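**Q** Just so we're aligned, residue 21 is where the sequence shown starts under my numbering, counting upward by one.
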Amino acid sequence: SDFMKDWLAVEESYLGTMVEQECRRSDSCQTCGVKEASWRCLSCFGVPELCQGCMRSTHQKLLFHALEVWDKDHWSAASSTSLGLTINMGHDGAICPCANAPSWHTNNHDADDWMDVDDADDGDDIHADNTAKKTLAQEIMDYRRGTPLQLYADDTTERRRQQVSHITVIDVSGVYELPINWCQCEPMTAHHKQLLDMRLYPGSQKAPRTAFTFDVLNDFMVANLEMKVAPNAYWRRLMRVTNTNHPDVIPDRYRELTRCARQWLRLTTRQQHGHGYGLHDEETAVGSLAPFCMACPQPGKNLPEDWKNTGPKWMHYQHLVLDGNFKQQNLHMRRPENNVGFADGLAYTVNKEKYEAHLASTENNYARSTCNNHRAVQSKRHTNHLQSTGIVSVACARHGGFVPNATADLKAGEKQANSDAVASNAGWQWPLLLGIILYYDIMCQYIINFAKRMKKSKHLSWPDGVELIPAIGLFHVHGHKDECVAKFSPTFIEGTGHVDGEILETLWAALNDIAASTLNMSTSWRVDVLNAHMRWSNLRKIMEIGAFVCR
Numbered sequence: 021s022d023f024m025k026d027w028l029a030v031e032e033s034y035l036g037t038m039v040e041q042e043c044r045r046s047d048s049c050q051t052c053g054v055k056e057a058s059w060r061c062l063s064c065f066g067v068p069e070l071c072q073g074c075m076r077s078t079h080q081k082l083l084f085h086a087l088e089v090w091d092k093d094h095w096s097a098a099s100s101t102s103l104g105l106t107i108n109m110g111h112d113g114a115i116c117p118c119a120n121a122p123s124w125h126t127n128n129h130d131a132d133d134w135m136d137v138d139d140a141d142d143g144d145d146i147h148a149d150n151t152a153k154k155t156l157a158q159e160i161m162d163y164r165r166g167t168p169l170q171l172y173a174d175d176t177t178e179r180r181r182q183q184v185s186h187i188t189v190i191d192v193s194g195v196y197e198l199p200i201n202w203c204q205c206e207p208m209t210a211h212h213k214q215l216l217d218m219r220l221y222p223g224s225q226k227a228p229r230t231a232f233t234f235d236v237l238n239d240f241m242v243a244n245l246e247m248k249v250a251p252n253a254y255w256r257r258l259m260r261v262t263n264t265n266h267p268d269v270i271p272d273r274y275r276e277l278t279r280c281a282r283q284w285l286r287l288t289t290r291q292q293h294g295h296g297y298g299l300h301d302e303e304t305a306v307g308s309l310a311p312f313c314m315a316c317p318q319p320g321k322n323l324p325e326d327w328k329n330t331g332p333k334w335m336h337y338q339h340l341v342l343d344g345n346f347k348q349q350n351l352h353m354r355r356p357e358n359n360v361g362f363a364d365g366l367a368y369t370v371n372k373e374k375y376e377a378h379l380a381s382t383e384n385n386y387a388r389s390t391c392n393n394h395r396a397v398q399s400k401r402h403t404n405h406l407q408s409t410g411i412v413s414v415a416c417a418r419h420g421g422f423v424p425n426a427t428a429d430l431k432a433g434e435k436q437a438n439s440d441a442v443a444s445n446a447g448w449q450w451p452l453l454l455g456i457i458l459y460y461d462i463m464c465q466y467i468i469n470f471a472k473r474m475k476k477s478k479h480l481s482w483p484d485g486v487e488l489i490p491a492i493g494l495f496h497v498h499g500h501k502d503e504c505v506a507k508f509s510p511t512f513i514e515g516t517g518h519v520d521g522e523i524l525e526t527l528w529a530a531l532n533d534i535a536a537s538t539l540n541m542s543t544s545w546r547v548d549v550l551n552a553h554m555r556w557s558n559l560r561k562i563m564e565i566g567a568f569v570c571r
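Here it is as structure tokens:
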């Protein structure tokens, strides 16, 4: 294109500018003009080159900026750890007045208390110019430099050294290890609460030694939901961002990332859906964490009060499609006692306890198909190593919105008992509707005894007054017998319009991008991830459908 041709003309100039930026612009600090410009910040606009003291004073609350230190004849990556900065809890980032902080916390603007271990000899008096005797207070790592550092403090503070602690903080810009000063004001605030107040998410609740910034957790959520980035891949990215050449110096916090990301997903989802205000009934209602489709007819939401008297009744039919997905498998947990569930039945997946009770009360009768061979319904293959052989779900057939409380695990094949559970739950989402057109690949076999199964079941039912109109999607119906085409094809069903009844196939294509990562997840973590991606799919449609229909 013309843009690329224009760029070729300035390529060498651009490269020259980038090379020049690797040099030091001035020998003296841009702020004080006295000391050597030994530090620069790549995150600050204009890339200021300052002395250590000025850089420290300007970055007291900018702990996660990308810093570099001048090393003889080149800039070398460093972090706020080497700069001597600390994390101060409470008091807007200032040191707690009640904390027994060592002297190096309060008088370190000019003192160079941090020292690279490799640069210090055992016999050297590194503080020869100071009258106060110094003693080792702490050893800590600068992961960007890949070297350990030693912090020296006044000997008078030696009795307080046990109070000096550090914490590993993970940000979008990388992994940091920093000293931390906890707030000591009465009444004492728990450490994990102090971290939350500073927008740092604690890795544990009792004695947190790892924390994640809210920004990095949000960034991971978007990367996972939009680009299907697995947690392991995202952690490797953080390692490379911190230290490209030596990521092995960075401590493994992958386990903490997955745990905190799951908790963060739970908290942000509840907050976005209005939880946290003491409304117990609303918060525990089925589907309270599952937005649906704003375009589908829903009495009490987007239909007028007299909608039953407005136009033909098929105008207000709900169009739903039911289908199974055998790519969304899940292995058995090695330690099922470690499985901790969250929102069971409040989002898109069914309540596990009720679902398993329904399956246990259902007879496994493999009826012979009267139509063409359907592998899904007749599959008898058992895979002992799998906790789930796939999922079955219901979505609106017109817009592709996943229906709340209408996704369940498959155990072996796409049995009618599995489909009955999600179909029944979907039907009860709209008990006031006049009818539901349900599209299913094997509807000719599924519908035969549907009413009998609903009536016989101890756990399922179909809402009275809601007519069920069976249909088969346009792609699959032509694989059936001719009489199935005449009876179940959307082409011949009044009120269907131009609906192919196959939209779940397109939704599976996007959802299957995470199948490899959910395969090895714990049972409940997988459920949370599936719910999150279904919610994300629905939210995108809700946000975009207004502009789409107005084109």
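Glycine included, C-beta positions come from ideal geometry on N, C-alpha and C.
Note that the structure is a prediction, hence the values are computed from the model and not measured.
Can you tell me whether ALA437 is buried or exposed, with buried defined as 16 or more other CB within 10 angstroms of its CB?
**A** Looking at its Cβ environment, which holds 16 or more other Cβ atoms inside 10 Å, ALA437 is buried.
**Q** Quick one: Cα of GLN41 to Cα of PHE232, how far?
**A** Taking the straight line from one Cα to the other gives about 32 Å.
**Q** To the nearest angstrom, report how far apart ALA446 and VAL306 are at their CA atoms.
**A** Each residue's alpha carbon lies about 11 Å from the other.
**Q** Suppose contacts are defined by Cβ-Cβ distances below 8 Å. Is HIS58 in contact with CYS71 by that definition?
**A** Per the sequence shown, residue 58 should be read as Ser rather than His. Their beta carbons are under 8 Å apart, which means SER58 touches CYS71 by this criterion.
**Q** Might you give, ordered along the chain, the residues of its own chain that have their beta carbon closer than 8 Å to the beta carbon of HIS79, omitting 5 neighbours on each side?
**A** Excluding residues within five positions, the ones whose Cβ falls inside 8 Å are CYS61, HIS85, LEU87, SER100, LEU103 and LEU105.
**Q** Alpha carbon to alpha carbon, what distance is there between GLU206 and PRO117?
**A** About 11 Å.
**Q** Could you give the uninterrupted runs of the beta strand (DSSP E) lying entirely in the region 188-256, keeping only those of 3 residues or more?
**A** The region 188-256 contains these whole beta strand (DSSP E) runs: 194-201, 220-222 and 230-233.
**Q** Quick one: is TRP482 buried, meaning 16 or more other Cβ sit within 10 Å of its Cβ, or exposed?
**A** It counts as buried.
**Q** Are the CB atoms of HIS94 and GLY166 within a distance shorter than 8 Å?
**A** Contact: no.
**Q** Could you give the DSSP three-state label for GLY143: helix, strand or coil?
**A** Model confidence at GLY143 stands at a pLDDT of 38, short of 50, so the residue's coordinates are unreliable; what they give is reported in the following sentence. In the structure shown, GLY143 sits in coil (DSSP, three-state: anything other than H, G, I, E or B).
**Q** Rounded to the nearest angstrom, what separates SER77 and GLU246 at their Cα positions?
**A** In a straight line, the C-alpha of SER77 is about 39 Å away from that of GLU246.
**Q** What would DSSP say about ARG418, mapped onto helix, strand or coil?
**A** Reduced to three states, the DSSP call for ARG418 is coil.
**Q** Identify whether GLY110 lies in helix, strand or coil by the three-state DSSP scheme.
**A** If DSSP states are grouped into helix, strand and coil, GLY110 belongs with coil.
**Q** Compare the Cα-Cα distances from SER46 to each of ASN345, TRP90, ASN551 and HIS479 and report the closest residue.
**A** The candidate whose alpha carbon is nearest that of SER46 is TRP90.
**Q** At what residues does the beta strand (DSSP E) containing ALA367 begin and finish?
**A** No beta strand (DSSP E) contains ALA367, which DSSP labels as neither H nor E.
**Q** Measure the Cβ-Cβ separation of TYR459 and ILE411 and say whether it is below 8 Å.
**A** No. Outside cutoff.
**Q** Put PRO324 into one of helix, strand or coil per three-state DSSP.
**A** PRO324 falls in the coil class under three-state DSSP.
**Q** What residues in its chain sit with their C-beta under 7 Å from that of LYS374, if we drop five residues either side in the sequence?
**A** The residues are HIS479.
**Q** Measure from the alpha carbon of VAL341 to the alpha carbon of each residue in ASN350, LYS347, PRO510 and THR382, then state which is nearest.
**A** The candidate whose alpha carbon is nearest that of VAL341 is PRO510.
**Q** Would you report the Cα separation of MET554 and GLY499, rounded to the nearest angstrom?
**A** Spanning the two alpha carbons is a distance of roughly 29 Å.
**Q** So what does DSSP say about GLU32, is it helix, strand or coil?
**A** Helix.
**Q** Considering Cα atoms alone, identify which of ALA210, PRO356 and LYS226 is closest to VAL542.
**A** In the sequence under discussion, the amino acid at residue 542 is Ser, which differs from the Val named in the question. Minimum Cα distance to SER542 is reached at PRO356.
**Q** With distances taken from CA atoms, which of SER477, ALA367 and ILE190 is nearest GLY277?
**A** The residue you asked about is not Gly; residue 277 is Leu in the sequence shown. Looking at the Cα atoms, ILE190 is the closest of the given residues.
**Q** Which ranges does the beta strand (DSSP E) cover as unbroken runs of at least 3 residues, wholly within the region 409-470, from first to last along the chain?
**A** The qualifying runs are 410-416, 422-430 and 455-460.
**Q** For the alpha helix (DSSP H) containing TRP284, list its first residue and its last residue.
**A** Run containing TRP284: 274-292, per the alpha helix (DSSP H) assignment.
**Q** If you drop the 5 nearest sequence neighbours on each side, which residues of the same chain put their C-beta closer than 7 Å to that of PHE508?
**A** The answer, listed in chain order, is MET463, CYS464, PRO490, ALA491, ILE492 and VAL497.
**Q** Measuring CA to CA, which of THR289, ARG290, THR262 and ALA253 is closest to ARG275?
**A** It is ALA253 whose Cα lies nearest to the Cα of ARG275.
**Q** Can you tell me whether DSSP reads ARG164 as helix, strand or coil?
**A** In the structure shown, ARG164 sits in coil (DSSP, three-state: anything other than H, G, I, E or B).
**Q** For TRP284, I'd like the list of residues in its chain whose CB is within less than 6 Å of its CB, leaving aside the five on either flank, ordered along the chain.
**A** So the list reads LEU237, once near-sequence residues are dropped.
**Q** So LEU198 packs on LEU83, CB below 8 Å; how close in whole Å?
**A** Indeed they touch by this definition, with Cβ atoms about 7 Å apart.
**Q** Taking the alpha carbon of ILE16 as the point to measure from, which residue in CYS391, GLN291 and VAL569 has its own alpha carbon closest?
**A** Since the displayed the chain opens at 21 and closes at 571, residue 16 lies outside it and no answer follows.
**Q** For ALA417, which residues of its own chain have a beta-carbon under 7 Å away from its beta-carbon, when the five flanking residues on both sides are left out?
**A** So the list reads HIS339, LEU340, VAL341, TYR459, VAL519, GLY521 and ILE523, once near-sequence residues are dropped.
**Q** Smallest Cα separation from CYS43: which of SER21, TRP27 and VAL67?
**A** When each option's Cα is compared against that of CYS43, the closest is VAL67.
**Q** Mapping the DSSP letters down to three states, classify ASP631 as helix, strand or coil.
**A** Because residue 631 is not part of the residues shown, which for the chain are 21 to 571, the question remains open.
**Q** Looking at the secondary structure, which residues open and close the beta strand (DSSP E) in which GLU302 lies?
**A** GLU302 -> not in any beta strand (DSSP E); alpha helix (DSSP H) instead, spanning 300-303.
**Q** What does DSSP give as the partner residues of ASN358 in its beta bridges?
**A** ASN358 pairs with nothing; no bridge assigned.
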